[in-house]
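Worksheet: one structure, shown below.
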Amino acid sequence: EPEVTQTPSHQVTQMGQEVILRCVPISNHLYFYWYRQILGQKVEFLVSFYNNEISEKSEIFDDQFSVERPDGSNFTLKIRSTKLEDSAMYFCASSARGGGETQYFGPGTRLLVL
Amino acid sequence: AQSVTQLDSQVPVFEEAPVELRCNYSSSVSVYLFWYVQYPNQGLQLLLKYLSGSTLVKGINGFEAEFNKSQTSFHLRKPSVHISDTAEYFCAAGGYQKVTFGTGTKLQVIP
Numbered sequence: 231e232p233e234v235t236q237t238p239s240h241q242v243t244q245m246g247q248e249v250i251l252r253c254v255p256i257s258n259h260l261y262f263y264w265y266r267q268i269l270g271q272k273v274e275f276l277v278s279f280y281n282n283e284i285s286e287k288s289e290i291f292d293d294q295f296s297v298e299r300p301d302g303s304n305f306t307l308k309i310r311s312t313k314l315e316d317s318a319m320y321f322c323a324s325s326a327r328g329g330g331e332t333q334y335f336g337p338g339t340r341l342l343v344l
Numbered sequence: 026a027q028s029v030t031q032l033d034s035q036v037p038v039f040e041e042a043p044v045e046l047r048c049n050y051s052s053s054v055s056v057y058l059f060w061y062v063q064y065p066n067q068g069l070q071l072l073l074k075y076l077s078g079s080t081l082v083k084g085i086n087g088f089e090a091e092f093n094k095s096q097t098s099f100h101l102r103k104p105s106v107h108i109s110d111t112a113e114y115f116c117a118a119g120g121y122q123k124v125t126f127g128t129g130t131k132l133q134v135i136p
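Written out as structure tokens, the structure reads:
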């Protein structure tokens, strides 16, 4: 069964450093998403991406965040200058369509900013 | 704007007993409703979803949920839980793309 994969599974970085989280969505999906879950808190939407551009983003997704689909398979989330409060589990998801179509989630990348 | 409320942060239940996990949503527009399960150190797995049609939705692992528009609820039920159901359960409401999650309910099944 096709699945969303994410790398790395864990990342530790120093405050102020740039990190890139990588995702490979399900191959025939057209919509891609990033969510994050701070430890002990709920899953929060960050951004959705369709047709090579951001289609919706939350207030969390400020200028230090960016997303890119550099090739036909990868979908990345870049955090330019990490802060302590960026420590969280980051989930990538993809769906074939919008409009209530099931979003399939990857296993997540646990980011720890020291 | 959508919001999702899960009133119970933890629900302990004995094995083979029934369980109901409560979820209420608010939205000014039609929503799609979901229940996801998260096992320890894993991602989110879809249990079931409601888009339209029959208000009783059946999902995987014997779970079902009922959409109640008048009460703006989408409670999750299982008639007999198993140890392997121990996990965190998230109710979520979706618009066209963004999905808004509740704070989660930890289901602890007691042997």
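Quick note, the sequences are listed as chains A and B, same order.
When we follow this note's numbering, the leftmost residue of the first sequence carries the number 231, and every step to the right adds one.
When we follow this note's numbering, the leftmost residue of the second sequence carries the number 26, and every step to the right adds one.
Even for Gly, the Cβ is constructed at its ideal location relative to N, Cα and C.
Note that the structure is predicted; figures quoted are calculated from it, not measured.
Grab the span of the beta strand (DSSP E) containing residue i for me, first residue to last.
i      : result
A:E248 : It is not in any beta strand (DSSP E) - A:E248 carries neither H nor E in the DSSP assignment.
B:N49  : 49–51
A:I284 : 283–287
B:P37  : 35–39
A:R340 : 339–343
A:I256 : Run containing A:I256: none; DSSP gives neither H nor E here.
B:Y117 : In the sequence as presented, Tyr is not what sits at residue 117 of chain B; that position holds Ala. It spans 112–119 - the beta strand (DSSP E) in which B:A117 sits, taken as one unbroken run.
B:K123 : That residue, B:K123, is in no beta strand (DSSP E); it is neither H nor E in DSSP.
B:V56  : Taken as a continuous stretch (DSSP letters only), B:V56 belongs to no beta strand (DSSP E), as it is neither H nor E.
B:I135 : 130–135
A:Y261 : 261–267
B:Q70  : 69–75
B:T82  : The residue asked about is misnamed: residue 82 of chain B is Val in this sequence, not Thr. Taken as a continuous stretch (DSSP letters only), the beta strand (DSSP E) holding B:V82 covers 81–83.
From the DSSP secondary-structure annotation, give me the bridge partner or partners of residue i.
i      : result
B:N93  : B:S98
B:V29  : B:Y50
A:H240 : A:R340
B:E45  : B:R102
A:S325 : A:Y261
B:Y61  : B:L71, B:F115
Using C-beta distances below 7 Å, list every residue in its chain close to residue i, excluding the 5 sequence neighbours before and after it, in chain order.
i      : result
B:N49  : T30, T97, S98
B:Q63  : L69, A112, E113, F115
A:Q294 : I309, R310, S311
A:M245 : T312, K313, L314, V343, L344
For residue i, which residues in the same chain have their Cβ closer than 8 Å to its Cβ, ignoring the five residues on either side in sequence?
i      : result
B:P104 : P43, G87
A:S317 : I268, L269, L341, L342, V343
B:I135 : P37, V38, F39, E40
Taking 6 Å as the limit between beta carbons, can you name the residues of its chain near residue i, skipping five residues before and five after?
i      : result
A:T193 : Missing from the structure shown is residue 193 of chain A; chain A here goes from 231 to 344 and no further.
A:W319 : Inspection of the sequence shows that residue 319 of chain A is occupied by Met rather than by Trp. Excluding residues within five positions, the ones whose Cβ falls inside 6 Å are Q267, G338, R340.
A:A326 : H259
Quick check for students: name the residue ranges of the beta strand (DSSP E) that lie wholly in the stretch 270–319 of chain A, counting only runs of 3 or more.
Listed in chain order, the complete beta strand (DSSP E) runs (minimum 3 residues) inside the stretch 270–319 of chain A are 273–280, 283–287, 295–298, 305–309.
The stretch 62–88 of chain B: positions lying closer than 7 Å to chain A by Cβ:
Those residues of the stretch 62–88 of chain B that come within reach of chain A (Cβ to Cβ, closer than 7 Å) are Q67, G68, L69, L71, K74, L76.
Contacting positions in the stretch 236–264 of chain A - beta carbon closer than 9 Å to chain B:
Listed in sequence order: Q236, Y261, Y263.
For the stretch 104–131 of chain B, list every residue whose C-beta sits within 9 Å of some C-beta in chain A, in sequence order.
From the stretch 104–131 of chain B, only F115, A117, G119, G120, Y121, Q122, K123, V124, T125, F126, G127, T128, G129 have a Cβ closer than 9 Å to chain A.
Can you give me, in chain order, the residues of the stretch 272–284 of chain A that have a beta carbon less than 8 Å from any beta carbon in chain B?
So the close ones are K272, V273, E274, F275, S278, Y280.
Proximal residues, the stretch 285–299 of chain A versus chain B, C-beta separation under 8 Å:
Cβ contacts with chain B: S285, E286, S288.
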